[in-house]
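Count the sequence shown with the working numbering and you get residues 21 to 274, in order. Positions of the beta carbon are idealized from the N, C-alpha and C atoms, including for glycine. Working notes, beginning with the structure itself.
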Amino acid sequence: MKVLFLCTENSARSIMAEALLKHHGKGEFEVFSAGTEPYAVDPRTLAAIEHFGLKTDDLHSKHLNDVTNLHFDYVITLCDDAAKECANRVDGTHCLGWDFIDPKTRPEPHAFEKTLQELNERIKQFVQSHNKEKPASISPTTFYKALADDIRLKSLLLIAVEQEVCVCELMTALNEQSQPKVSRHLAQLKKQGILSDRKHQQWVFYSLNPTLPMWMKQTITSTVVNEPNFIENELARLNAMGDDRPTRVARCCN
Numbered sequence: 021m022k023v024l025f026l027c028t029e030n031s032a033r034s035i036m037a038e039a040l041l042k043h044h045g046k047g048e049f050e051v052f053s054a055g056t057e058p059y060a061v062d063p064r065t066l067a068a069i070e071h072f073g074l075k076t077d078d079l080h081s082k083h084l085n086d087v088t089n090l091h092f093d094y095v096i097t098l099c100d101d102a103a104k105e106c107a108n109r110v111d112g113t114h115c116l117g118w119d120f121i122d123p124k125t126r127p128e129p130h131a132f133e134k135t136l137q138e139l140n141e142r143i144k145q146f147v148q149s150h151n152k153e154k155p156a157s158i159s160p161t162t163f164y165k166a167l168a169d170d171i172r173l174k175s176l177l178l179i180a181v182e183q184e185v186c187v188c189e190l191m192t193a194l195n196e197q198s199q200p201k202v203s204r205h206l207a208q209l210k211k212q213g214i215l216s217d218r219k220h221q222q223w224v225f226y227s228l229n230p231t232l233p234m235w236m237k238q239t240i241t242s243t244v245v246n247e248p249n250f251i252e253n254e255l256a257r258l259n260a261m262g263d264d265r266p267t268r269v270a271r272c273c274n
């Protein structure tokens, strides 16, 4: 699973986060960090990381443009400025905004060490949440049963095309008047570990679970590619919603 930490200078917070997730992730995450206006890594950042007991040999500042050719499962911005500046510049499935104060502007003593400790707690929560959301082993029987229903199959195909959709969008696309019916199918797919969700304001957006086995993802996407007419009408109804579609949070993922 690829994770990108994004900040303005990539000199402190995002570097700390990269080091911490590499440590706590124990090889489960491929971790990157970058900046929209990168600057040399602050020596106090490296000192705090080393004092924490982690190596700093492979930590260096990088420009956002260096990673725009990669797809990330999670893009995590560490300041509001980075979240605004990187709109539509990063290919990511899930975007999270963690607004941490820049340690360079904190007036108290040991600001870098305190920021590192705060990030450490958030990183541990992220790893724990990821482990909880890991689906149990999905058997081929369970997966193909999920595809056997027309609403579930078309919902998965639409989500594969759109990356994420909410219930009201699926109701329109599927021409389905019953909100509870659509919600039940989505809840079933989430319970099986096929879908993930995120909440923004009153909306819940559904996407393919990033931990879904690759062959299952390929089965879904190959159906879209090889049978485009199967959801042609549904996509047309979805696109016809125009400005009536729920507004996504300002995010750096496209």
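I need the DSSP call for residue i, collapsed to helix, strand or coil.
i	result
S227	strand
D62	coil
I143	helix
T135	helix
C188	helix
D170	helix
G55	strand
H3	The chain is shown only over 21 to 274; residue 3 falls outside these bounds and no answer can be derived.
T162	helix
Y149	Here the sequence assigns Ser to residue 149, which means Tyr is not the residue at that position. Looking at S149 - three-state DSSP - the assignment turns out to be helix.
S157	coil
S216	strand
H80	coil
E182	helix
E48	coil
L74	coil
N249	helix
N85	helix
Residue j and residue i - do their beta-carbons sit closer together than 8 Å?
i	j	result
S159	S81	no
L176	A193	no
G112	L255	no
L26	A68	no
N229	S216	yes
E189	L84	no
V110	T125	no
I171	H205	yes
A103	G117	yes
F163	M234	no
In terms of residues, what are the limits of the beta strand (DSSP E) holding residue i?
i	result
L116	D111 to G117
L26	K22 to C27
I121	From DSSP, I121 is part of no beta strand (DSSP E); its letter is neither H nor E.
D93	H91 to T97
What whole-angstrom Cβ distance do residue i and residue j have, given they're in contact under 8 Å?
i	j	result
A37	L98	7 Å
I35	T56	The pair is not a contact, with the Cβ atoms about 14 Å apart (cut-off 8 Å).
E138	F120	7 Å
D101	H114	Not really, about 20 Å apart at Cβ, beyond 8 Å.
F49	M21	5 Å
T123	T135	A small fix is needed here, since residue 123 is Pro in this sequence, not Thr. Yes, P123 and T135 are in contact; Cβ-Cβ is about 4 Å, under 8 Å.
P58	E29	6 Å
Specify, as a first and last residue, the run of the alpha helix (DSSP H) that residue i falls within.
i	result
V244	M234 to N246
H43	R33 to G45
H205	Q199 to K211
E254	E252 to A260
_With three or more beta-carbon pairs closer than 8 Å as the criterion, would you say the segment 68–88 touches the segment 204–218?_
Contact between the segment 68–88 and the segment 204–218 is not established, with fewer than three Cβ pairs separated by less than 8 Å.
*Segment contact, 8 Å Cβ cut-off, at least three pairs: the segment 190–207 with the segment 137–154*: No: fewer than three Cβ pairs fall under 8 Å.
_Could you check whether the segment 236–248 touches the segment 182–191, counting it as contact only if at least three pairs of C-beta atoms, one from each stretch, sit closer than 8 Å?_
Taking a cut-off of 8 Å for Cβ pairs, the segment 236–248 and the segment 182–191 do not touch, as fewer than three such pairs fall below it.
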